[in-house]
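Everything on this sheet refers to the single structure shown next.
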DNA sequence: TACCAGGTCCTCG
DNA sequence: CGAGGACATGGT
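Numbering (our numbering), first residue to last: 1179 to 1413.
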């Protein structure tokens, strides 16, 4: 199956997604706006959001990010200095708040210790080194690292998440593939283009949320129904 | 009520 | 290695 063809079908059906949501200057709530992050604060917000959204709905993360923005805390050094309990309280809505507060703190202290507190320095590494650096931080796994690389550092890497795995299996393209195998399949089938990787992943999430849901998938109206092998696709 | 949501770490066999 | 549990809130 041609993954690029699937991409075009999704793009035709949903249109451009404008990932990742970011907050404009003077505002507090992150939105899909179809613009790449420009300033350091936007890049940091994506990094923080990537940690906060681990196994959690984005809606719950939005509130947490808004809290941090309203307090003016979306800043590496401020996040480094804030008391962990206070941080946990602010991000409570995103769940696992004690773990996530620790993970955010581990991340910012890492950037301060090794990269002068500037994401720009960390992100100037080549893609392999950057990924290894991110993965060495406790609490940052493959998906979180790759989300940071793709959406914040703006380098071409394909993000695999639960939606992607489910959709690929239901389509009948893969079965029991692990993260690295799935990622390889996408990256070897598509142009190495940050914009395409970003948009594709966003489209898969959209499809997973609205059609290829875990329970009660809406196969009848699914934009991919003609090429899908999901047993229950005729429901 | 139970399940799900843009995972990761740790432990055990 | 891979399975299984812990981490936690908010929506359906």
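No residue lacks a Cβ here, since even glycine has one placed at the ideal position from N, Cα and C.
Just so it is clear, the structure is predicted and the values come from calculations on it, not from any experiment.
Length of the line joining the Cα atoms of residue i and residue j
i	j	result
residue 1348	residue 1251	42 Å
residue 1215	residue 1221	6 Å
residue 1409	residue 1249	49 Å
residue 1346	residue 1212	26 Å
residue 1202	residue 1357	33 Å
residue 1418	residue 1342	With the chain running from 1179 to 1413 in the structure shown, residue 1418 is simply not present.
residue 1389	residue 1397	7 Å
Neighbourhood of residue i by C-beta distance below 6 Å, restricted to the same chain and skipping five residues each side
i	result
residue 1271	1238, 1241, 1242
residue 1231	1239
Close Cβ partners of residue i (< 8 Å) along its chain, the five nearest in sequence each way excluded
i	result
residue 1336	1324, 1328, 1361, 1364, 1365, 1368, 1375, 1378, 1379
residue 1322	1228, 1229, 1232, 1312
Proximity below 8 Å, CB of residue i to CB of residue j
i	j	result
residue 1286	residue 1258	yes
residue 1247	residue 1206	yes
residue 1372	residue 1334	yes
residue 1245	residue 1268	yes
residue 1288	residue 1254	no
residue 1224	residue 1198	yes
residue 1331	residue 1308	yes
residue 1296	residue 1344	no
residue 1188	residue 1405	no
Bounding residues of the alpha helix (DSSP H) (the contiguous stretch that carries residue i)
i	result
residue 1288	1275-1293
residue 1389	Per DSSP, residue 1389 belongs to no alpha helix (DSSP H) and is neither H nor E.
residue 1359	1357-1367
residue 1190	1181-1192
Residue i Cβ short of 7 Å to the ligand NAD heavy atom set
i	result
residue 1383	Judged by which ligands are present, the structure shown has none, so any question about the ligand NAD falls away.
Cβ-based neighbour list, residue i, same chain, cut-off 7 Å, excluding 5 preceding and 5 following
i	result
residue 1273	1234, 1238
### Message
I'd like to know if the segment 1299-1309 and the segment 1262-1281 are in contact, where contact means that at least 3 CB-CB pairs between them fall below 8 Å.
### Response
no
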